[in-house]
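Participant:
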Ligand SMILES: NC(=O)c1ccc[n+]([C@@H]2O[C@H](COP(=O)([O-])OP(=O)(O)OC[C@H]3O[C@@H](n4cnc5c(N)ncnc54)[C@H](O)[C@@H]3O)[C@@H](O)[C@H]2O)c1
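Residue numbers (our numbering): 2 to 441.
1) Which of the three DSSP states is assigned to residue 409 in this structure?
2) Check whether the Cβ of residue 164 sits closer than 7 Å to any heavy atom of ligand 1, and report yes or no.
3) Less than 7 Å between C-beta atoms, sequence neighbours within five positions excluded: which residues of the same chain meet that for residue 367?
4) Determine the closest residue to residue 208 out of 66, 158, 252 and 329, with distance taken between C-alpha atoms.
5) When the Cα of residue 19 is compared with those of 45, 112, 58 and 301, which residue comes out closest?
6) Could you check if residue 10 belongs to the surroundings of ligand 1, using beta carbon to heavy atom distance under 7 Å?
7) Less than 7 Å separating the Cβ of residue 269 from some heavy atom of ligand 1?
8) Taking 7 Å as the cut-off, does the CB of residue 84 come closer than this to any heavy atom belonging to ligand 1?
9) Taking the alpha helix (DSSP H) that residue 16 falls in, what are its first and last residues?
10) Please determine whether the Cβ atom of residue 202 lies at a distance below 7 Å from any heavy atom of ligand 1.
11) Cutting at 7 Å between CB atoms, please list the residues of its own chain near residue 238, excluding the five before and the five after it.
12) May I have a chain-ordered list of the beta strand (DSSP E) segments no shorter than 3 residues that lie completely inside the stretch 254-303?
13) Are there any heavy atoms of ligand 3 lying less than 7 Å away from the beta-carbon of residue 75, as far as the coordinates show?
14) Confirm, please, whether the CB-CB distance from residue 398 to residue 424 is below 8 Å.
15) Keeping to the same chain, check which residues put their C-beta closer than 7 Å to that of residue 88; ignore five residues upstream and five downstream.
16) Could you tell me which of 393, 392 and 400 sits nearest to residue 379, measuring between CA atoms?
17) Please work out which residues of its chain come closer than 6 Å, Cβ to Cβ, to residue 74, disregarding the five sequence neighbours upstream and downstream, and give them in chain order.
18) Return the chain-ordered list of same chain residues with a C-beta closer than 6 Å to the C-beta of residue 22, the five sequence neighbours on each side being excluded.
19) Please name the residue, chosen from 219, 185, 162 and 240, that lies closest to residue 204 on a Cα-to-Cα basis.
20) For residue 144, which of helix, strand or coil comes out of DSSP?
21) Mark residue 107 as exposed unless 16 or more other C-beta atoms lie within 10 angstroms of its C-beta, in which case mark it buried.
22) Out of 47, 2 and 10, point me to the one whose CA is closest to residue 123's CA.
23) Measuring CB atoms only, is the stretch 404-413 touching the stretch 369-385, in the sense that at least three cross pairs come out at less than 8 Å?
24) Mapping DSSP to helix, strand and coil, what is residue 207?
25) In this structure, does DSSP put residue 13 in helix, strand or coil?
26) Would you say residue 36 touches ligand 1, meaning its beta carbon is less than 7 Å from a heavy atom?
27) Enumerate in chain order the residues of its own chain whose CB-to-CB distance from residue 170 is below 6 Å, with the five nearest sequence positions on each side excluded.
28) Please determine, among 270, 261, 393 and 125, the residue with the shortest C-alpha to C-alpha distance to residue 189.
29) Please work out which residues of its chain come closer than 8 Å, Cβ to Cβ, to residue 418, disregarding the five sequence neighbours upstream and downstream, and give them in chain order.
30) Secondary structure at residue 102, three-state DSSP: helix, strand or coil?
31) If you drop the 5 nearest sequence neighbours on each side, which residues of the same chain put their C-beta closer than 8 Å to that of residue 146?
32) Cβ of residue 326 versus every heavy atom of ligand 1: is any distance shorter than 7 Å?
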């Protein structure tokens, strides 16, 4: 199938790079977003997310005339839906005493409905949003069928999960293997034809529900593996062990690969997607549910660690470094670092947070510092929550000259204990019962 024009709905971390990439490869692209601030910013030539290399590629696409942006879909050969699929914050499901989070599919529903007036015979529709199993056949297809066109016969319909890593999106969009699940083999073939425009990685065709499951399985596997690393960190502290050393030694085994513990699991994907399985089949998801619980509780473990390091938390001033859910991105969604800050404040601590990737972010109940120095000023302790590159390379001698704090707590194992100790800090590391060394 040949594509001259496509329409991408949802211009966030996934949709915007995807739309830009298609335009950069000669396809006419119309991008759609319901957020007027996003549309305004993009129409003015400025991207609203942090992604290396994207601004210049976007500018070229806009200048070439191949990329346009508005709030309404237009007729096209193909439609890609890349809208959010978070969990609901107010409502929960229950099964045999298990309380679980529920997927919020309103954005997928409304984006699909928005396509209805412009859907034509022969079109291809692709859902990219991470979605619960059977969303393509049970939610998207019935909505599109309201047009009187039949999914799989009059138009093609696919699910294709996105696996890119924020910070590396432009490279990974091209190089990663891609799975395309069609509601018919012909739909999958049409999906392959579209992504072959720029994808150099292998493209695998399958059915839509398998493709949905693949994506949730990938993120659930990571979640479960991080949960066990977090439990190992707790166990190591109980047994007087340094978990980082224990993990390094365990990973010398040729078939073992334990991930790193940390302050918890956040972001729009790993902390959300496993719930899609729990909601769809709680009777078969007990391990997945437990892993979610372990990771959701990890911020409490960090707070306990801070309490052990500095004693009574009430009125203690803490400089919290990093709010993003992972290193070197500006994405604060479901971030465990934010949860740690809220919990510390609940205990009476006064937290001043510094996030270099989102210095102007406004988060309810979080006191944001304007720069590192003002976060450190007057602090009693420094708490590292994200291993941003610029935090990894902080010089403890220079930090010591900017703050009276002499206690540092590293939840991500990037600061070298010897360096911090010789600069006068007691460095406490998450999962390390041996730090700080006792002679400090
Ligand atoms: N960010 C990632 O790293 C990543 C990786 C893989 C998969 N995903 C999945 O991709 C999907 C999109 O994620 P994202 O990170 O790009 O989200 P995002 O929040 O960055 O962007 C989504 C955009 O969609 C817009 N939107 C919401 N409803 C809309 C509608 N009805 N019509 C048009 N636009 C609408 C929002 O205004 C927003 O700008 C999610 O399902 C996510 O789980 C994300």
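For each residue, glycine too, the CB sits at the ideal point set by N, CA and C.
Facilitator: Quick look at the numbers:
1) For this step, residue 409 is matched to residue 408 along the chain shown. Looking at residue 409 - three-state DSSP - the assignment turns out to be strand.
2) The residue you call residue 164 lines up with position 163 of the chain shown. Yes - ligand 1 has a heavy atom lying nearer than 7 Å to the Cβ of residue 164.
3) Here residue 367 is taken as the residue at index 366 of the chain shown, counted from 1. Closer than 7 Å at Cβ, skipping near neighbours: 339, 342 and 354.
4) Here residue 208 corresponds to residue number 207 of the chain shown, with the count starting at 1. The candidate whose alpha carbon is nearest that of residue 208 is 158.
5) Taking the chain shown and counting its residues from 1, the one referred to as residue 19 is at position 18. With distances taken between Cα atoms, residue 19 lies closest to 58.
6) Against the chain shown, residue 10 aligns to sequence position 9. Result yes, Cβ under 7 Å from ligand 1.
7) On the chain shown, position 268 is the one that residue 269 refers to. Result yes, Cβ under 7 Å from ligand 1.
8) What you label residue 84 is simply residue 83 of the chain shown in a count that begins at 1. Correct: residue 84 has its Cβ closer than 7 Å to ligand 1.
9) Looking up residue 16 in the chain shown gives position 15. That run of the alpha helix (DSSP H) goes 16-25.
10) In the chain shown, the residue the question calls residue 202 occupies position 201. No, since every heavy atom of ligand 1 falls outside the 7 Å radius drawn around the Cβ of residue 202.
11) Numbered from 1 along the chain shown, position 237 holds the residue referred to as residue 238. Within the same chain, residue 238 has close Cβ partners 432 and 434.
12) none
13) No copy of ligand 3 occurs in the structure displayed; its ligands are ligand 1 alone.
14) Numbered from its first residue, the chain shown carries residue 424 at position 423. Numbered from its first residue, the chain shown carries residue 398 at position 397. Yes, the pair counts as a contact, with Cβ atoms nearer than the cut-off.
15) By one-based count along the chain shown, residue 88 stands at place 87. Result list for residue 88: 102, 103, 104, 105, 273 and 276, in chain order.
16) Looking up residue 379 in the chain shown gives position 378. Comparing Cα positions, the closest option is 400.
17) The residue you call residue 74 lines up with position 73 of the chain shown. Taken in chain order, the residues that qualify are 8, 33, 115, 116 and 119.
18) Here the question's residue 22 lines up with position 21 in the chain shown. Contacts found: 174 and 199.
19) The residue given as residue 204 occupies position 203 in the chain shown. The shortest Cα separation from residue 204 among 219, 185, 162 and 240 belongs to 162.
20) Walking along the chain shown from the start, residue 144 turns up at place 143. Residue 144 falls in the helix class under three-state DSSP.
21) Residue numbering aside, residue 107 sits at position 106 when the chain shown is read from its first letter. So residue 107 ends up on the exposed side.
22) Here residue 123 is taken as the residue at index 122 of the chain shown, counted from 1. Nearest C-alpha to residue 123: 2.
23) yes
24) Here residue 207 is taken as the residue at index 206 of the chain shown, counted from 1. Correct three-state label for residue 207: strand.
25) Sequence index remark: in the chain shown, residue 13 carries index 12 (1-based). Three-state DSSP puts residue 13 in coil, outside helix and strand.
26) Numbered from its first residue, the chain shown carries residue 36 at position 35. Correct: residue 36 has its Cβ closer than 7 Å to ligand 1.
27) Your numbering for residue 170 matches position 169 in the chain shown. Counting only Cβ-Cβ distances below 6 Å, and skipping sequence neighbours, we find 18 and 52.
28) Translated into the one-based positions of the chain shown, residue 189 becomes position 188. Considering only alpha carbons, the answer is 125.
29) Position 417 of the chain shown holds residue 418. Excluding positions up to five away in sequence, the list reads 428, 430, 436, 437 and 438.
30) Counted from its first residue, the chain shown places residue 102 at position 101. Residue 102: strand per DSSP, three-state reduction.
31) Residue 146 sits at position 145 when you count from the first residue of the chain shown. Counting only Cβ-Cβ distances below 8 Å, and skipping sequence neighbours, we find 152.
32) Numbered from its first residue, the chain shown carries residue 326 at position 325. No - ligand 1 has no heavy atom lying nearer than 7 Å to the Cβ of residue 326.
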